[in-house]
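>
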Amino acid sequence: MNPILGYLKVVWQILRKEVLIEWRGRQGIPVMLVFALMIVFLFNFALQLSPDLQAGLAAGLLWVSLAFASTLGLNRSINLERENNALDGLLMVPVDRSAIFFGKALGNFLFTTLVGLCLLPVFSLLYQQNMLQFPLLLVLILGLGAYTSLGTLLSALSIQARTRDILLPVLLYPLALPVLIAAVEASQGVLSGGTLGDVDHWIYLLLAGFLLFTASGLLFFETILEE
Amino acid sequence: MFKKPQLLVALDILCLVTFPAAVVLILFFTPVEAVMGPVQKVFYFHMSAAWVGMLSFIIAAVAGGAYLVTRRIKWDWLSIAAIEVGLVFAVIAILSGMIWARPIWNTWWVWDPRLTTTAIMVMIYFAYFILRSGLNTPETQARLGAVYAILAVATVPLTFFSIRLFRTIHPVVIATGGGGSAFNMSPRMLNALFVSLFVFTLLLADLVWHRFRLAQLQQDADQEVY
């Protein structure tokens, strides 16, 4: 069989497995969503925010809640592979291990984006501004693509340490900071009435982050998982 | 193995002579800046520490890459030595910057992009040690440490690009047009800066070498036990 086709098939099978587990268990997305909403409410009390929030604060709140919530999903996704040594089975697939990375990263991206899509109408209601706009969706997809790509890579790293779950946020947040800054700035620009052209340099930064983290996954996933 | 290399002894002596000399040069033989006064002299140490910190993080990433290719543990020793020493210098850069900022900006800390991203950089490398301490064998420590050191350096340009997009109040010494307030240095100031940069680089080489030897001795000691 064509090696590229075989590779893509493995990626697809892993993604399919992730979606099936989520569909049957329904334990990832709901937990992330409830956690993200909890953060929003906590911030409201802690910072005494008003409903007519400025665009900047709303964008910041959206990304902070998404960044926190997606660590839950990332940890869960990699922990599933640890149970019953499922990872050993995956590693036996006769294909470059970056295929596992792409399958899992796509799964994480899909789930986190769904959570983000659920949050947008809630934010629109709570903070009285229309967040269901196409440019913001684009920023959301790009930002989460870069973020979950790095997150998947680092979760494979942190799973091998004794401190496992608690290690991932410590590694992920500082490294993902440029992407988060760009995402917040781009969202803020779009929400305060700008077009995508006004925030193009932030979009480029998001793209650069996405490419960098995806290339790192392609390069290093094999090295990280070798026994 | 246990004997200290003669070149290292020579480097030690060189650092012991040149570092105090640089301090004397900066304190007594550089002009006092017209607006800021004597506190501007912190700048020589500040910029040197920042430069040395950045340099050592790059060395650590290169050594990490060399480890992944060759799988020789010596490269890992160099990588961890560079990160450990670099982290100290990065913290010195932040602290000396704060000392300067107190009279000039009238506050110890501002949430300026340049300061914030430097602090984040320190946290990134602090997490490196948290990662390593959670791993069991020297081999995994070296392998995952190398991957992390490369990832960390790869995000630094992103971070620095992102702050160029903000307006910063941090002085831009190596000006590339726009942003911040550049200040012009007299030739004597510039000379002192170069001396300071050179002496700090020597000090970095010396300390990294010592830390490298420590890792070597540590391994020898471990092997004696087993």
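Chains A and B, in that order, are what the protein sequence lines are.
At position 132 of the first sequence (counting the first as 1) the number is 1208 in this note's numbering, and the numbers step up by one without a gap.
At position 53 of the second sequence (counting the first as 1) the number is 148 in this note's numbering, and the numbers step up by one without a gap.
Glycine included, every Cβ here is placed at the ideal spot set by N, Cα and C.
For residue 1086 (chain A), which residues from the same chain have a beta carbon less than 8 Å from its beta carbon, with the 5 sequence-adjacent residues on both sides left out?
Correct list, in chain order: 1169, 1171, 1175, 1176, 1179.
> Can at least three beta-carbon pairs, one atom from the region 113-120 of chain B and one from the region 288-299 of chain B, be found at a separation below 8 Å?
In short, these stretches touch, since the Cβ pair count reaches three.
> Can you list, in chain order, the residues of its chain whose CB lies under 8 Å from that of residue 1112 (chain A), leaving out five sequence neighbours each side?
Contacts found: 1141, 1142, 1144, 1145, 1191, 1195.
> Could you check how far apart the C-beta atoms of residue 176 (chain B) and residue 303 (chain B) are, in whole angstroms? I think they sit under 8 Å.
Yes, residue 176 (chain B) and residue 303 (chain B) are in contact; Cβ-Cβ is about 5 Å, under 8 Å.
> Tell me the DSSP bridge mates of residue 132 (chain B)?
Note: residue 132 (chain B) sits in a beta bridge opposite B:128.
> Would you mind sorting residue 281 (chain B) into buried or exposed? The rule is 16 or more other CB atoms within 10 Å of its CB.
Flag for residue 281 (chain B) reads exposed.
> Could you tell me the distance, in whole angstroms, from the CA atom of residue 103 (chain B) to the CA atom of residue 1228 (chain A)?
Roughly 43 Å separates the two Cα atoms.
> Please determine, among A:1137, A:1109, A:1106, A:1107, the residue with the shortest C-alpha to C-alpha distance to residue 1121 (chain A).
The candidate whose alpha carbon is nearest that of residue 1121 (chain A) is A:1137.
> Hey, out of B:108, B:205, B:242, B:227, whose CA is closest to residue 77 (chain B)'s CA?
This structure does not reach residue 77 (chain B), given that chain B is present from 96 up to 321, and the question cannot be answered.
> Between the region 219-226 of chain B and the region 1257-1275 of chain A, are three or more C-beta pairs nearer than 8 Å?
Contact fails: fewer than three Cβ-Cβ distances are below 8 Å.
> Could I get the ranges of all uninterrupted alpha helix (DSSP H) runs contained in the region 137-169 of chain B, with 4 residues as the minimum, in chain order?
Fully enclosed alpha helix (DSSP H) runs of 4 or longer: 137-165.
> Secondary structure at residue 1306 (chain A), three-state DSSP: helix, strand or coil?
Residue 1306 (chain A) is absent from the model: chain A starts at 1077 and stops at 1303.
> With 9 Å as the limit, tell me which residues of the region 239-250 of chain B have their beta carbon closer than that to any beta carbon of chain A; keep them in chain order.
Listed by position along the chain: 239, 241, 242, 243, 245, 246, 247, 249, 250.
> In angstroms with no decimal places, state the Cα-to-Cα distance between residue 1135 (chain A) and residue 1282 (chain A).
Looking at the two C-alpha atoms, the distance is approximately 15 Å.
> Using the Cα positions of residue 1298 (chain A) and residue 1201 (chain A), report the straight-line distance between them to the nearest angstrom.
In a straight line, the C-alpha of residue 1298 (chain A) is about 44 Å away from that of residue 1201 (chain A).
> Against chain D, does residue 1237 (chain A) count as a neighbour if the rule is that its beta carbon must be under 7 Å from one of theirs?
This model lacks chain D altogether, as its protein chains are A and B.
> How about the region 1181-1191 of chain A and the region 1215-1233 of chain A: do they share at least three Cβ pairs that are nearer than 8 Å?
With a cut-off of 8 Å, the region 1215-1233 of chain A and the region 1181-1191 of chain A count as touching, because enough Cβ pairs lie within range.
> For residue 1103 (chain A), which residues from the same chain have a beta carbon less than 8 Å from its beta carbon, with the 5 sequence-adjacent residues on both sides left out?
Excluding residues within five positions, the ones whose Cβ falls inside 8 Å are 1152.
> Under 7 Å between the Cβ atoms of residue 156 (chain B) and residue 251 (chain B)?
No, the Cβ-Cβ distance between residue 156 (chain B) and residue 251 (chain B) is not below 7 Å.
> Could you compute how far the alpha carbon of residue 1108 (chain A) sits from the alpha carbon of residue 1115 (chain A)?
Whole-angstrom Cα-Cα distance: 11 Å.
> Alpha carbon to alpha carbon, how far is residue 1081 (chain A) from residue 56 (chain B)? Give it in angstroms, no decimals.
Residue 56 (chain B) is absent from the model: chain B starts at 96 and stops at 321.
> So, at 6 Å on beta carbons, what are the nonlocal neighbours of residue 181 (chain B) in its own chain, with the 5 sequence-adjacent residues on each side left out?
Excluding positions up to five away in sequence, the list reads 148, 151, 152.
> Alpha carbon to alpha carbon, how far is residue 1183 (chain A) from residue 1099 (chain A)? Give it in angstroms, no decimals.
Each residue's Cα considered, the two are about 12 Å apart.
> Please check if any C-beta of chain A sits within less than 7 Å of the C-beta of residue 190 (chain B).
Taking Cβ atoms only, chain A never reaches closer than 7 Å to residue 190 (chain B), which makes this a no.
> Helix, strand or coil, according to DSSP, for residue 219 (chain B) in the structure here?
Residue 219 (chain B) falls in the helix class under three-state DSSP.
> Out of A:1090, A:1154, A:1119, which one is the CA nearest neighbour of residue 1241 (chain A)?
The shortest Cα separation from residue 1241 (chain A) among A:1090, A:1154, A:1119 belongs to A:1154.
> Would you report the Cα separation of residue 308 (chain B) and residue 1266 (chain A), rounded to the nearest angstrom?
Straight-line Cα distance between these residues: approximately 54 Å.
> Measure from the C-beta of residue 1106 (chain A) to each C-beta in chain B and report whether the shortest distance is under 7 Å.
So no, residue 1106 (chain A) is outside the interface.
> Starting from residue 115 (chain B), trace the alpha helix (DSSP H) both ways and give me its first and last residue.
Looking at the DSSP string, the run of the alpha helix (DSSP H) that includes residue 115 (chain B) is 101-123.
> Whole angstroms are fine: how far does the CA of residue 1290 (chain A) sit from the CA of residue 1236 (chain A)?
Straight-line Cα distance between these residues: approximately 21 Å.
> Hey, could you find the ends of the alpha helix (DSSP H) residue 1184 (chain A) is sitting in?
Unbroken alpha helix (DSSP H) run through residue 1184 (chain A): 1174-1202.
> One question on the structure: do residue 1255 (chain A) and residue 1139 (chain A) come within less than 7 Å of each other, judged by their Cβ atoms?
No, Cβ-Cβ distance for residue 1255 (chain A) and residue 1139 (chain A) is not below 7 Å.
> Could you tell me whether the Cβ of residue 229 (chain B) comes closer than 7 Å to any Cβ of chain A?
By this cut-off, residue 229 (chain B) is an interface position.
> Answer with buried or exposed for residue 108 (chain B), where buried requires no fewer than 16 other C-beta atoms within 10 angstroms of its C-beta.
Answer is exposed; the Cβ neighbour count stays below 16.
> So the alpha helix (DSSP H) residue 1255 (chain A) belongs to, where does it begin and stop?
Counting along the chain, the alpha helix (DSSP H) containing residue 1255 (chain A) begins and ends at 1240-1267.
> At what residue ranges does the region 172-238 of chain B contain a whole run of the alpha helix (DSSP H), taking only runs of 4 or more?
Correct list: 208-228.
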